[in-house]
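Number of protein chains: 2
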Amino acid sequence: MTNQRVVVAAPGTQTISFTREFEAPAARVFVAHVDPDLIPRWIGPRGTTVEIRRFDARTGGSWSYVVVGRGGSWPFHGSFHEVTASSRIVQTFEYEDEPGHPSLDVLTFVDLPGGRSRIDGLTAYLSVEDRDQQLDLDSGRDEDFERLEELLADAVVAS
Amino acid sequence: MTNQRVVVAAPGTQTISFTREFEAPAARVFVAHVDPDLIPRWIGPRGTTVEIRRFDARTGGSWSYVVVGRGGSWPFHGSFHEVTASSRIVQTFEYEDEPGHPSLDVLTFVDLPGGRSRIDGLTAYLSVEDRDQQLDLDSGRDEDFERLEELLADAVVAS
């Protein structure tokens, strides 16, 4: 795997942005983000499982799941502000065990030549402090996307 | 009406925060934010009407309405990340005619002595530019809350 997530988080700002390329078209990468059967196959650190409580990936829908590992379980939930097929997801995100720090997450899916694609991600937090705290945990997204790339290499995931 | 909205929007940040007191308990002010029959009675500039397309004010719900005036109509939509009765609403917000600039809005309802209450508001934008552009329009919320105060003075609005 040579694709790496490139993260930008300028000091003193309330955002984290990233780009990440994939060896698959945008439509397939998008499907992996909205299909509740696929979410548990790439979200969360290796060795954990994801228990979906609710996952209705449409504009005005909402989601909720628990990441379960040997060391504990971590519940999350959010709402889908916008879901536009193969191109854009705008959703909220909150870790329920430390409530009061929701964030707004925008993912844009862009096709590249050669059947490849790129995700442009932008997350806005309520404060610089919230952003900085999340920055310490942000590398978890690298592992998610490594798992996603492996999943996409599996021909089972249709676009 | 002596209650005024106090707005804080520090230069270079991505947030607008405010406080606003009301001559009514938090429970009644909250109800006016979640009852789709009441929304059209105080949202929007005087002289406009609000056509509700969808308004499901619960955690994981969503909303959509059009403000209609003599000079045109302005469609908005969002999702409800969290709705906790009488105390907290976390929702997204986007003006559909200028898409791509969603924001995350947190309203906290706090009871004060003497049957009064206060809203603490905090909105986070995806960029400083988005925030600055919205700041030009933010005074519209003053008129909304003036209308809300008049509505609350009407005994019809139960808690």
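For the record, the sequence lines run as chains A and B.
Sequential numbering of the first sequence, starting at 130, is according to this note's numbering.
Sequential numbering of the second sequence, starting at 130, is according to this note's numbering.
Note that the Cβ used here is the ideal one computed from N, Cα and C, for glycine as well.
Given the structure is predicted, the values throughout are model-derived calculations rather than measurements.
- With a minimum length of 4 residues, the unbroken runs of alpha helix (DSSP H) contained wholly in the region 224 to 278 of chain A fall at 257 to 264.
- Annotation: Pro-242(B) has no Cβ neighbours in chain A at a cutoff of 8 Å; minimum Cβ distance is about 25 Å.
- Tyr-254(B) sits away from Ser-268(B), with the two beta carbons spaced by 8 Å or more.
- Around Val-195(B), the same chain offers Glu-180, Ser-202 and Pro-204 as residues with beta carbons nearer than 6 Å, after the five sequence neighbours per side are excluded.
- Counting the other CB atoms within 10 Å of its CB gives Val-235(A) a total of 16 or more, which places it among the buried residues.
- Between Ser-208(A) and Thr-188(A), the beta carbon gap of about 10 Å keeps them out of contact (Cβ cut-off 8 Å).
- Distance from the CA atom of Thr-237(B) to the CA atom of Gly-250(B), rounded to whole angstroms, is 6 Å.
- Taking 8 Å as the cut-off, the Cβ atoms of Leu-264(A) and Ala-139(A) do not count as close.
- Going by beta carbons, Arg-170(A) and Leu-280(A) fall inside the 8 Å limit.
- At least one CB atom of chain B sits nearer than 8 Å to the CB of Tyr-254(A).
- Note that the C-beta distance between Val-219(A) and Glu-227(A) is not below 8 Å.
- Check the Cα spacing between Asp-259(A) and each of Thr-148(A), Glu-272(A), His-230(A) and Val-136(A): the tightest is with His-230(A).
- For Leu-264(B), the nearest beta carbon of chain A is not closer than 8 Å to its own beta carbon.
- Separation of the CB atoms of Arg-134(B) and Phe-274(B) is rounded to 6 Å, and the pair is thereby assigned contact status at 8 Å.
- Under the DSSP assignment, Arg-157(A) falls in the alpha helix (DSSP H) whose first and last residues are 155 to 163.
- At least one C-beta of chain A is nearer than 8 Å to the C-beta of Glu-223(B).
- Taking a Cβ-Cβ cut-off of 9 Å, the neighbours of Gly-207(B) in chain A comprise Gly-189, Ser-208 and His-210, given in sequence order.
- Taking 8 Å as the threshold, the shortest C-beta distance from Val-219(B) to chain A falls below it.
- The residues Glu-152, Ala-153 and Pro-154, in chain order, have a CB closer than 8 Å to that of Gly-244(B) in the same chain once the five nearest residues on each side in sequence are set aside.
- Scanning the region 143 to 220 of chain A from its first residue to its last, the whole beta strand (DSSP E) runs of 3-plus residues come out as 144 to 151, 178 to 184, 191 to 198 and 201 to 213.
- Residue environment for Arg-199(B): exposed (fewer than 16 other C-beta atoms within 10 angstroms of its C-beta).
- Sixteen is the threshold: since fewer than 16 other Cβ atoms of the shown chains lie within 10 Å of the Cβ of Leu-266(B), the residue is exposed.
- Using a CB distance cut-off of 8 Å, Arg-157(A) does not count as an interface residue toward chain B.
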